[in-house]
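Report on the following structure.
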Ligand code: SF4
């Protein structure tokens with residue numbers, strides 16, 4: 100490293116390297132603020148998938164978790180896709196192993212298989228349609244009423260979709276550890292303390308949390324709700340990383356993270372997988388051009404089909 104480079108902050112070095120290598124940094128809302136600050140695009144799964152499909156950059160650095168970087172690779176297979184930490188997994192994706200899922204599919208061969216984007220490339224390749232929390236309702240409603248449906252891997256999102264669409268669905272028993280960590284008792288105490296606060300929740304949260312929510316929506320939906328609402332105090336039941344972008348969007352409003360069951364330093368819910376990425380790891384992965392997401396061509400082709408169907412819907 101040259102003397103000049105040493106004098107630059109890590110943030111500046113990331114920005115410089117990104118330019119030199121014609122790379123694009125896509126960051127999920129759940130990333131640390133310092134990563135969001137160097138990103139070209141910040142978004143939820145659907146928005147980032149669209150950006151990954153459309154980018155002309157040579158390298159995609161995906162500051163998120165493994166299944167998201169895989170989705171970027173599937174959508175743009177000729178690009179080099181990097182993930183700052185390959186161990187950044189997802190409890191929800193891991194709750195649905197391909198062998199076990201194949202067994203369920205074999206038991207119900209006449210069912211349409213819809214999978215939430217938070218799953219591995221192998222599971223996507225076994226699906227008829229993929230969805231995100233932004234478009235899940237629309238995707239389910241696009242399936243003819245006489246067709247039976249398997250929905251995987253998130254049972255909480257599945258239950259919510261059964262409620263809003265009225266469709267019977269066979270649910271895989273998976274869940275996100277972060278969205279199952281909210282304490283209803285503490286949430287009720289908080290809403291007594293802040294009687295004017297509106298509770299907003301992600302549909303990956305458990306049913307008892309959704310029942311007390313004033314608004315339920317995807318990460319982008321929640322951001323939009325807070326921006327356009329006449330209310331000025333919100334209790335936010337999703338991963339706490341969203342609060343950074345939300346507060347930038349509504350600096351004059353009060354945002355309170357929904358409390359977790361466990362006592363922890365921030366009294367909120369954070370995804371340990373998402374937080375495995377750091378600005379230093381992001382810099383190192385740009386410099387070394389690794390770790391890289393590599394997928395078999397056949398797997399990419401199969402997994403692309405249900406994702407393309409989703410983007411068409
Ligand atoms: S917040 Fe939950 S669903 Fe999202 S990456 Fe973390 S474990 Fe997976």
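Residue numbers (this note's numbering): 100 to 412. Think of the CB as a built atom: it goes at the ideal place given N, C-alpha and C, for glycine as much as any other residue.
Just the C-alpha distance for residue 132 and residue 342, rounded to the nearest angstrom, thanks.
Numbered from its first residue, the chain shown carries residue 132 at position 33. Numbered from its first residue, the chain shown carries residue 342 at position 243. Between residue 132 and residue 342, the C-alpha separation is close to 9 Å.
Is the stretch 163 to 173 touching the stretch 392 to 409 in the sense that three or more CB pairs, one from each, lie closer than 8 Å?
Touching, per the Cβ criterion.
Apart from the five residues on each side of it in sequence, which residues of its chain come closer than 6 Å, Cβ to Cβ, to residue 172?
In the chain shown, residue 172 corresponds to position 73, counting from 1. 180, 392, 394, listed in sequence order.
Can you grab the Cα-Cα spacing for the pair residue 317 / residue 111, in whole Å?
Start at 1 with the first residue of the chain shown, and residue 317 comes out as number 218. Start at 1 with the first residue of the chain shown, and residue 111 comes out as number 12. Spanning the two alpha carbons is a distance of roughly 32 Å.
Do you know offhand how far residue 125's Cα is from residue 293's?
For the purposes of this step, residue 125 is identified with residue 26 of the chain shown, where counting begins at 1. For the purposes of this step, residue 293 is identified with residue 194 of the chain shown, where counting begins at 1. Using only the alpha carbons, I get a separation of about 35 Å.
Using the Cα positions of residue 274 and residue 150, report the straight-line distance between them to the nearest angstrom.
The residue given as residue 274 occupies position 175 in the chain shown. The residue given as residue 150 occupies position 51 in the chain shown. Near 26 Å, if we compare the C-alpha coordinates of residue 150 and residue 274.
Which residues share a DSSP beta bridge with residue 251?
In the chain shown, residue 251 corresponds to position 152, counting from 1. In the DSSP output, where bridge partners are listed per residue, residue 251 has 214.
Relative to ligand 1, is the shortest distance from any of its heavy atoms to the C-beta of residue 191 smaller than 6 Å?
Along the chain shown, one-based indexing puts residue 191 at 92. Yes - ligand 1 has a heavy atom lying nearer than 6 Å to the Cβ of residue 191.
Using a Cβ-Cβ cutoff of less than 7 Å, which residues in the same chain neighbour residue 402 once the five nearest sequence positions on both sides are dropped?
Position 303 of the chain shown, counted from the first residue, corresponds to residue 402. So the qualifying residues of the chain are 173, 220, 223, 224.
Starting from residue 274, trace the beta strand (DSSP E) both ways and give me its first and last residue.
One-based indexing of the chain shown puts residue 274 at position 175. Careful: residue 274 lies outside any beta strand (DSSP E) and carries neither H nor E.
Taking 6 Å as the cut-off, is the beta-carbon of residue 229 closer than that to any non-hydrogen atom of ligand 1?
The residue labelled residue 229 in the question sits at position 130 within the chain shown. The answer is no for residue 229.
From the DSSP output, in three-state form, read off residue 343 for me.
Counting from one through the chain shown, the residue named residue 343 turns up at place 244. Note: residue 343 maps to helix in three-state DSSP.
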